[in-house]
Amino acid sequence: MSITYLEAIREAQAKLLRDDDRVFIYGQDVGGAFGGAFKATKGLAKEFPERVLNTPISEDAIVGAAIGAAMQGMRPIVEMQFADFSSIALNQILNNAGTHYWRTGMPVPITVRLPSGGTKGSGPFHSQSMESLYAHYPGLIVMTPATVEDAYTMLIEAVAIDDPVVYCEHKYLYYHLKADKLPDKGLPTGRARIAREGRDLTIVSYSAMTQESLAAAEELAREGLEVEVVDLRTVKPLDTDTVLASVARTGRLLCVGESFPWGGTNAEVIARVSNQGFHLLDAAPQRLNAKDTPIPYHPNLWSAHRPNAKNIVAKARALLRE
Amino acid sequence: MSITYLEAIREAQAKLLRDDDRVFIYGQDVGGAFGGAFKATKGLAKEFPERVLNTPISEDAIVGAAIGAAMQGMRPIVEMQFADFSSIALNQILNNAGTHYWRTGMPVPITVRLPSGGTKGSGPFHSQSMESLYAHYPGLIVMTPATVEDAYTMLIEAVAIDDPVVYCEHKYLYYHLKADKLPDKGLPTGRARIAREGRDLTIVSYSAMTQESLAAAEELAREGLEVEVVDLRTVKPLDTDTVLASVARTGRLLCVGESFPWGGTNAEVIARVSNQGFHLLDAAPQRLNAKDTPIPYHPNLWSAHRPNAKNIVAKARALLRE
Amino acid sequence: MLQTAQRTAKSKKKKDAPAPLAETAADKTAPPHERFLEAFRWMLLARTLEEKLVSLYRGGQITGGVYIGKGQEAVSVACGLFLEKGDIFAPLIRDQAGRSAFGEPLVDVTRTYLGSRLGPMRGRDGNIHRGHPRDNELAMISHLGAMVSVTVGTLMAKRFRGEKDFVGLTCIGEGGMQTGAFHEGMNIAAVEQVPLVVVATNNHYAYSTPNAREFACDDLRERAIGYGFEGYSVDGTDLTACLNVIGGAVKRARAGRPPQLVVASVLRLSGHGEHDDASYVSDEMKQQPFARDCLKFAEQTIIESNLVDRDTLVDWRKNAVMQVDEAVAAAQKEAVPEADKEDWCALSTRDLVDHVDEE
Amino acid sequence: MLQTAQRTAKSKKKKDAPAPLAETAADKTAPPHERFLEAFRWMLLARTLEEKLVSLYRGGQITGGVYIGKGQEAVSVACGLFLEKGDIFAPLIRDQAGRSAFGEPLVDVTRTYLGSRLGPMRGRDGNIHRGHPRDNELAMISHLGAMVSVTVGTLMAKRFRGEKDFVGLTCIGEGGMQTGAFHEGMNIAAVEQVPLVVVATNNHYAYSTPNAREFACDDLRERAIGYGFEGYSVDGTDLTACLNVIGGAVKRARAGRPPQLVVASVLRLSGHGEHDDASYVSDEMKQQPFARDCLKFAEQTIIESNLVDRDTLVDWRKNAVMQVDEAVAAAQKEAVPEADKEDWCALSTRDLVDHVDEE
Ligand SMILES: Cc1ncc(C[n+]2csc(CCOP(=O)(O)OP(=O)(O)O)c2C)c(N)n1
Ligand SMILES: Cc1ncc(C[n+]2csc(CCOP(=O)(O)OP(=O)(O)O)c2C)c(N)n1
Ligand SMILES: [Mg+2]
Ligand SMILES: [Mg+2]
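Chains as they are written, first to last, in our numbering: chain A, 287 to 608; chain B, 287 to 608; chain C, 2 to 360; chain D, 2 to 360.
Set out below in structure tokens:
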């Protein structure tokens with residue numbers, strides 16, 4: 287049996303609905319026989335008609351309602367149809383969910399699923415990676431699973447956590463990524479994973495870029511270059527220790543992320559390593575981001591806009607030459 | 287004659303309205319005899335009743351309307367009552383204004399004024415610094431004036447620029463900061479300013495934190511420590527060259543910003559210097575941010591939440607000891 | 002848990018108003034004039050408290066803004082008075098009367114305004130940004146309109162859990178009705194068919210902005226039908242009318258009718274906040290019928306129809322002043338927060354807190 | 002500048018439809034049946050084009066989604082047909098007919114779907130996310146509701162400049178009406194009293210979501226009064242009715258009446274996009290009167306009332322196919338964008354572009 291990243295997300299939600307009647311799924315087109323724009327909730331409304339609910343096109347109210355339900359003891363999972371549309375819910379996520387525990391002492395355990403990242407032909411408004419906006423503000427946990435196993439266990443973890451979680455699932459991995467089976471448990475939340483060991487260079491990445499980085503590492507291995515790939519898993523909290531330990535081994539750091547270049551996860555990782563691991567670095571830390579324009583529709587442009595194995599390899603080679 | 291930071295913003299808008307009939311001011315309570323929550327448009331509606339207009343409490347539509355007017359040749363200035371409420375307009379700013387030129391070839395010259403930053407007793411929703419959210423996305427210029435002179439010339443520049451500008455004016459500086467007169471022109475947009483020269487340490491800051499940094503530099507000077515203070519003026523574009531040149535002189539970098547710690551301007555500056563000026567650094571680059579919680583209401587908490595001259599001095603001393 | 006908390010709130014409430022009247026608060030079948038008298042006493046308490054807050058503010062003893070509900074007490078008290086244990090209340094800027102009637106202890110107000118560490122917000126948030134979510138009094142965020150959908154969610158949760166006969170009530174101003182969040186919240190309430198009452202007070206200004214620049218329909222009540230709400234108007238200066246119309250709306254929502262919108266008309270009899278002299282409010286405005294002071298008018302009714310004698314009114318006033326002074330004195334004695342005693346954690350899950358720089 | 006651009010558009014339009022009829026497009030006093038016939042031809046052209054796009058999509062020649070307006074051509078064409086030089090049009094997902102009637106060259110559609118570098122979006126954006134802002138055809142962003150306030154702003158600008166007799170028209174679906182952005186946009190249009198027409202098409206689904214989970218009022222037209230709009234309903238399957246009602250709304254807005262809301266009722270006769278088999282649409286739904294195919298019904302009217310003979314209809318169909326084939330062939334010949342030929346600048350002010358890392 288082989289299961290995809292997308293199926294893992296559906297399986298996690300099925301399990302959550304079965305095991306915990308505080309859980310409900312709320313979002314556009316998640317219900318009925320349809321099961322969501324990406325089918326991440328396919329079949330769930332049949333089994334749990336009262337707890338898998340279609341909503342109006344009202345992202346602010348969808349998250350607002352989830353917050354209210356969480357205050358009353360529920361464990362809502364919100365599906366945004368695309369991460370890009372969470373801009374409409376951003377105020378509820380940052381200013382209501384993110385501040386509530388600190389202000390009142392009562393946490394709001396909501397999980398907001400963001401189908402994130404670029405895919406061919408999706409264009410400026412169906413391709414965004416928004417983890418950096420949410421991680422910048424206090425009070426939120428931001429998950430960015432890069433594997434089928436993590437997609438499954440981290441979503442279950444997200445719902446278990448008493449604090450609000452923004453769960454960024456990558457649309458490019460939905461079908462591309464497969465595993466043989468689903469684990470019962472994964473690494474603890476907030477712990478990064480050494481996706482591949484190596485002693486020449488550390489690549490820190492997350493979500494779909496972990497897969498591109500692993501492909502790049504493969505290729506570089508053929509040249510005898512041993513690249514260590516760190517998968518952050520959550521960008522907030524960010525596992526600085528694991529990153530530093532890797533840089534201590536390699537002395538070289540390349541950060542790879544799909545979001546826009548100014549600020550964001552790559553900048554944060556480099557800032558931490560430069561600050562706490564300055565003496566560990568044998569060369570200037572580098573980063574690869576998407577370009578600083580909207581995400582293009584045409585595949586020719588899109589494939590050049592996002593980092594990919596090819597330019598990761600090039601950047602890594604240059605860095606290894608220093 | 288002495289003029290405050292706030293008066294400079296009003297003067298700039300008066301001049302813009304007088305010199306250019308494409309300019310209009312749009313926002314909550316900006317009109318009538320009232321002239322805005324902070325009086326930044328006081329008296330302007332009297333002189334230009336048709337071009338200083340009160341709006342409903344509809345941030346999304348306020349910015350949407352400004353975008354439409356800009357497409358038709360106007361030069362709207364939007365006043366958000368507090369930066370914090372721009373979360374409601376964020377979608378129009380990022381996804382409409384920020385993408386329009388790249389998508390269609392037609393820029394939308396809007397200026398969105400964000401009364402930003404903390405003041406005593408303002409609490410979680412009237413104190414935010416949001417420049418990092420806007421700078422992360424493509425297509426926007428983000429200004430953060432730190433002086434009365436810049437508040438004036440940069441606002442005039444903002445309206446002259448064909449691209450959308452997010453103009454972050456700091457509420458703490460409104461009354462605290464005074465100048466003798468207003469200049470006709472300032473440094474070019476995108477150019478950082480050496481606010482104080484020194485050869486021992488570079489402090490990179492912007493907005494109100496430039497003032498705290500200068501106060502810290504004063505104090506350190508008494509101990510014979512010469513701190514160079516770089517005022518970024520715009521956080522996007524970010525003047526890497528001026529920062530690097532300063533670090534080349536001092537070998538030490540401390541970034542000071544008032545926004546939340548994860549990501550943002552401080553991380554971006556450190557990432558650039560570590561990447562492009564790695565060999566210039568004699569010690570690990572440091573940063574001081576606000577704490578990673580909502581901004582507290584009580585002055586005892588607020589003054590500990592934001593960086594200030596006192597802990598800048600402490601951090602600088604430690605860094606100079608390395 | 003919720004219930005204990007609720008009980009504490011109710012018992013605290015007994016402390017605010019003398020027992021006999023407080024009892025009738027629970028007893029929703031109280032004869033009209035008793036309900037009216039209890040409402041009047043909460044209004045009196047709110048007005049007394051807010052006058053005190055204003056003087057503290059003028060005396061420089063309150064940091065930040067002070068936002069009062071002067072002129073809106075009749076609407077507000079009716080919002081709190083008909084809610085029972087297990088109901089949800091999401092008050093807004095000008096709901097001191099309703100908060101007290103719902104069971105918010107007076108000392109919570111003074112603690113929050115004075116930044117006491119013992120207050121519900123512990124000095125982390127201030128003034129009207131307070132609540133007891135565990136006691137079903139939601140803590141508003143500033144962004145207007147945002148609390149409508151949150152209230153809807155609390156009611157969905159109660160339905161999920163199989164609770165019965167509950168309602169939720171939230172308040173908004175005519176300005177806040179123009180936010181997208183309000184629209185989405187109203188619509189989703191109707192789609193989910195939750196027992197929600199939305200009380201909108203048109204006090205004719207959003208800060209300095211008059212109705213003409215806020216909306217363009219003749220009567221905001223007309224929006225109800227477009228959402229699938231039942232809509233009512235009420236003279237917000239008339240306590241009797243407020244009790245009838247808002248009480249009726251709560252009853253209908255509880256009985257399973259569609260969500261209810263009540264639009265009250267008043268004039269804000271203060272500045273937007275105490276920093277604001279409201280010089281933009283014309284004398285002509287102040288002559289309008291909706292500018293009538295609801296508290297004065299209620300007192301007049303009491304006197305004219307002899308509901309209680311003048312001595313009792315004097316006692317009630319004294320009692321209100323006493324309670325307010327107690328609440329202020331108590332909060333003033335208490336410790337304010339100190340930075341080094343805070344743990345500065347925005348997450349309840351301590352081991353998931355992110356550490357940007359090692360200190 | 003705007004005018005030249007507009008002229009080009011209009012002349013391009015001549016190319017799409019044969020001269021005599023195109024002329025009547027400008028001539029708004031054309032006798033009803035000529036207007037009807039012109040409208041029918043734009044509908045036919047849109048249907049023909051979109052059928053072609055679907056086959057290209059099925060053949061794997063289009064990257065990304067294809068979103069068509071099948072069943073909504075009568076509403077859409079009426080949206081474009083009454084707009085004149087200097088008017089603003091902000092079309093949405095299902096407005097191929099209206100776009101063509103407004104003057105969007107057919108080749109822009111094929112260029113955008115096929116990613117030609119010569120298209121208005123130059124391969125940077127695709128499918129329905131296209132426009133000619135300089136020709137007053139706004140380029141929608143995906144976020145529903147966002148274009149309403151943008152259209153309001155364009156009309157405010159025209160008023161600032163002292164222009165006269167202009168209108169703006171924007172389209173929305175019943176799903177998009179539930180967004181906060183739509184609410185804020187409607188309200189601000191009424192507050193600013195701009196000459197705006199909003200045409201909302203209730204095609205009974207938002208993607209897979211039926212009306213029952215979208216809103217809870219009986220008739221969305223009832224929202225007009227709450228905004229201070231004038232509201233009308235129309236059978237979106239009846240071209241004559243669409244021309245009368247939408248044409249009338251445009252006329253009233255132009256004449257200085259309040260903003261106009263027209264709510265049309267139809268069934269989406271396709272999937273949400275071509276990737277969607279719409280299996281969630283019940284047969285019962287498909288039996289409803291609003292499920293009638295507006296194009297078939299219009300053609301039936303033409304035949305029954307003998308407006309033109311069958312040969313002419315055949316010619317028109319041929320002409321539509323010819324135009325579509327031309328537009329496809331042209332776009333297919335053209336170069337697609339190449340990464341190294343792009344300047345990757347999101348700002349028009351080149352010297353203000355930020356450079357994160359030196360390359
Ligand atoms: C989304 C949003 N924008 C702006 C503000 C700033 N603000 C606070 S109160 C207020 C006026 C509110 O008017 P209204 O809703 O009528 O309530 P009232 O103060 O009259 O009781 C404004 C503009 C806000 N709180 N939220
Ligand atoms: C704010 C926002 N949320 C979600 C979406 C995703 N989305 C695109 S079209 C659509 C359905 C639109 O339904 P409706 O407005 O009725 O238009 P129709 O497709 O029926 O013509 C949705 C949910 C979006 N575009 N914008
Ligand atoms: Mg008001
Ligand atoms: Mg629809």
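The beta carbon of each residue, even a glycine, is placed where N, CA and C say it ideally should be.
| field | Environment of A:Glu-554 [buried if 16+ CB atoms lie within 10 Å] | value | The residue labelled residue 554 of chain A in the question sits at position 268 within the first sequence. Label assigned to A:Glu-554: buried.
| query | Where in the segment 237 to 274 of chain C do unbroken runs of the beta strand (DSSP E), each at least 3 residues long, occur, reported from the N-terminal end onward? | reply | 261 to 266
| query | In the structure shown, what three-state DSSP assignment does C:Pro-290 receive? | reply | The residue given as residue 290 of chain C occupies position 289 in the third sequence. DSSP places C:Pro-290 in helix when its eight states are reduced to three.
| task | Report yes or no: is there a C-beta of chain A within less than 8 Å of the C-beta of C:Thr-350? | result | Residue numbering aside, residue 350 of chain C sits at position 349 when the third sequence is read from its first letter. Closer than 8 Å to some Cβ of chain A, the Cβ of C:Thr-350 qualifies, so yes.
| request: Tell me whether C:Glu-175 counts as near ligand 5, meaning its Cβ is closer than 7 Å to at least one heavy atom of that ligand. | output: As for ligand 5, it is missing from this structure, which binds only ligand 1, ligand 2, ligand 3 and ligand 4.
| request: Answer with yes or no whether the minimum CB distance from B:Ala-604 to chain C is below 8 Å. | output: Taking the first residue of the second sequence as position 1, residue 604 of chain B is located at position 318. So no, B:Ala-604 is outside the interface.
| Mind pulling the chain C residues with CB within less than 7 Å of B:Ala-590? | As a first step, residue 590 of chain B must be located in the second sequence, where it is residue number 304. Ordered by position in chain C, the residues that pass the 7 Å Cβ test against B:Ala-590 are Ala-340.
| field | Between the CA atoms of C:Arg-123 and C:Lys-15 - distance to the nearest angstrom | value | Counting from one through the third sequence, the residue named residue 15 of chain C turns up at place 14. Counting from one through the third sequence, the residue named residue 123 of chain C turns up at place 122. Residue confidence is low: C:Lys-15 scores 36 on pLDDT, short of 50, so the model does not pin down where it sits. Its coordinate-derived value is still stated next. Roughly 24 Å between the two C-alpha positions.
| message | Using the Cβ count rule (16 or more neighbours within 10 Å means buried), how would you classify D:Pro-92? | response | Residue mapping note: residue 92 of chain D aligns to position 91 of the fourth sequence, counting from 1. Flag for D:Pro-92 reads buried.
| Alpha carbon to alpha carbon, what distance is there between A:His-422 and B:Pro-547? | Counted from its first residue, the second sequence places residue 547 of chain B at position 261. Counted from its first residue, the first sequence places residue 422 of chain A at position 136. Approximately 7 Å between the Cα atoms of the pair.
| query | Closest Cβ-Cβ distance between D:Arg-125 and chain C: below 8 Å? | reply | Residue 125 of chain D sits at position 124 when you count from the first residue of the fourth sequence. Answer no: the Cβ-Cβ gap between D:Arg-125 and chain C never drops below 8 Å.
| task | Give the interface partners of B:Thr-579 over in chain C, defined as CB-CB distance under 9 Å, in chain order. | result | On the second sequence, position 293 is the one that residue 579 of chain B refers to. Within 9 Å Cβ-Cβ: Arg-125, Glu-343, Trp-345, Cys-346, Ala-347.
| Under a CB-based cut-off of 8 Å, is C:His-184 close to chain D? | Taking the third sequence and counting its residues from 1, the one referred to as residue 184 of chain C is at position 183. Output row for C:His-184: interface = yes.
| message | Going by DSSP, what residue range makes up the alpha helix (DSSP H) through C:Leu-156? | response | The sequence position of residue 156 of chain C within the third sequence is 155, counting from 1. Residues 147 to 161.
| request: Go ahead and pull the three-state DSSP assignment for B:Met-429. | output: The residue labelled residue 429 of chain B in the question sits at position 143 within the second sequence. It is a strand residue.
| With 16 other CB atoms within 10 Å as the buried threshold, where does A:Gln-378 fall? | Sequence index remark: in the first sequence, residue 378 of chain A carries index 92 (1-based). Buried: at least 16 other Cβ atoms inside 10 Å.
| query | Got a sec? Which residues, its chain only, sit under 6 Å from B:Arg-361 by beta carbon, not counting five neighbours each side? | reply | As a first step, residue 361 of chain B must be located in the second sequence, where it is residue number 75. So the list reads Arg-308, Val-309, Pro-395, Val-445, once near-sequence residues are dropped.
| task | Kindly examine ligand 3 and report whether one of its heavy atoms sits closer than 7 Å to the Cβ of D:Ala-299. | result | To locate residue 299 of chain D, count along the fourth sequence from 1; it is residue 298. The answer is no for D:Ala-299.
| In chain order, what residues of the same chain have a beta carbon less than 7 Å from the beta carbon of C:Gln-333, not counting five sequence neighbours either side? | Against the third sequence, residue 333 of chain C aligns to sequence position 332. Within the same chain, C:Gln-333 has close Cβ partners Leu-115.
| field | Helix, strand or coil at A:Arg-361 according to DSSP, with G and I counted as helix | value | Within the first sequence, numbered from 1, the residue matching residue 361 of chain A stands at position 75. If DSSP states are grouped into helix, strand and coil, A:Arg-361 belongs with the strands.
| If you draw a straight line from the alpha carbon of A:Asp-517 to that of A:Thr-496, how long is it in whole angstroms? | For the purposes of this step, residue 517 of chain A is identified with residue 231 of the first sequence, where counting begins at 1. For the purposes of this step, residue 496 of chain A is identified with residue 210 of the first sequence, where counting begins at 1. Rounded to whole angstroms, A:Asp-517 to A:Thr-496 spans 6 Å at the Cα level.
| said: Whole angstroms are fine: how far does the CA of A:Leu-292 sit from the CA of A:Asp-466? | reply: As a working mapping, residue 466 of chain A is identified with position 180 in the first sequence. As a working mapping, residue 292 of chain A is identified with position 6 in the first sequence. If you take the alpha carbons of A:Asp-466 and A:Leu-292, they lie about 14 Å apart.
| said: Just to confirm, is the Cβ distance from D:Leu-145 to D:Thr-113 under 8 Å? | reply: Residue mapping note: residue 145 of chain D aligns to position 144 of the fourth sequence, counting from 1. Residue mapping note: residue 113 of chain D aligns to position 112 of the fourth sequence, counting from 1. Contact: no.
| query | To the nearest whole angstrom, what separates the beta carbons of A:Asn-552 and A:Gly-543, a pair I think is in contact under 8 Å? | reply | On the first sequence, position 266 is the one that residue 552 of chain A refers to. On the first sequence, position 257 is the one that residue 543 of chain A refers to. With 8 Å as the limit, A:Asn-552 and A:Gly-543 qualify as a contact, their Cβ atoms being about 5 Å apart.
| said: Counting only Cβ-Cβ distances shorter than 9 Å, please list the residues of the segment 57 to 79 of chain C near chain B, keeping chain order. | reply: Ile-63, Thr-64, Gly-65, Gly-66
| message | At the level of alpha carbons, what is the spacing between A:Pro-401 and A:Lys-457? | response | Here residue 401 of chain A refers to the residue found at position 115 when the first sequence is read from its first residue. Here residue 457 of chain A refers to the residue found at position 171 when the first sequence is read from its first residue. Whole-angstrom Cα-Cα distance: 6 Å.
| query | Hey, does A:Thr-385 have any beta-carbon neighbour from chain B nearer than 8 Å? | reply | Taking the first residue of the first sequence as 1, we reach residue 385 of chain A at position 99. By this cut-off, A:Thr-385 is an interface position.
| query | Quick one: Cα of C:Gly-177 to Cα of C:His-184, how far? | reply | For this step, residue 177 of chain C is matched to residue 176 along the third sequence. For this step, residue 184 of chain C is matched to residue 183 along the third sequence. About 10 Å.
| Do B:Arg-477 and B:Asp-525 have their CB atoms nearer than 8 Å? | Start at 1 with the first residue of the second sequence, and residue 477 of chain B comes out as number 191. Start at 1 with the first residue of the second sequence, and residue 525 of chain B comes out as number 239. Result yes, Cβ atoms of B:Arg-477 and B:Asp-525 sit closer than 8 Å.
| Taking the Cβ atom as the reference point for each residue, do D:Gly-229 and C:Ala-217 lie within a distance shorter than 8 Å? | The residue labelled residue 229 of chain D in the question sits at position 228 within the fourth sequence. The residue labelled residue 217 of chain C in the question sits at position 216 within the third sequence. Contact: yes.
| A:Ser-540: which of A:Gly-550, A:Val-521, A:Glu-514, A:Arg-519 sits nearest, CA to CA? | Position 254 of the first sequence holds residue 540 of chain A. The question names Ser, but residue 540 of chain A in the sequence shown is Leu. Out of A:Gly-550, A:Val-521, A:Glu-514, A:Arg-519, A:Glu-514 has the C-alpha closest to the C-alpha of A:Leu-540.
| At least 3 beta-carbon pairs within less than 8 Å: the segment 147 to 164 of chain D vs the segment 332 to 351 of chain B | yes
| said: Let's see if you can read the secondary structure: which residues bound the alpha helix (DSSP H) around D:Gln-301? | reply: For this step, residue 301 of chain D is matched to residue 300 along the fourth sequence. Note, D:Gln-301: alpha helix (DSSP H), 295 to 305.
| field | Spatially closest choice to A:Gln-414 from A:Trp-588, A:Ala-600, A:Ala-298, A:Arg-607, by CA coordinates | value | Against the first sequence, residue 414 of chain A aligns to sequence position 128. Closest option to A:Gln-414, Cα to Cα, is A:Trp-588.
| request: Would you tell me roughly how many angstroms separate the C-alpha atoms of B:Ala-481 and B:Val-490, rounded to the nearest one? | output: Indexing the second sequence from 1 puts residue 481 of chain B at position 195. Indexing the second sequence from 1 puts residue 490 of chain B at position 204. Going by the C-alpha atoms only, they are around 10 Å apart.
| request: Just confirm the distance between the C-beta atoms of C:Thr-111 and C:Val-337, as a whole number of angstroms; I'd bet it's less than 8 Å. | output: In the third sequence, the residue the question calls residue 111 of chain C occupies position 110. In the third sequence, the residue the question calls residue 337 of chain C occupies position 336. That pair is no contact at about 13 Å.
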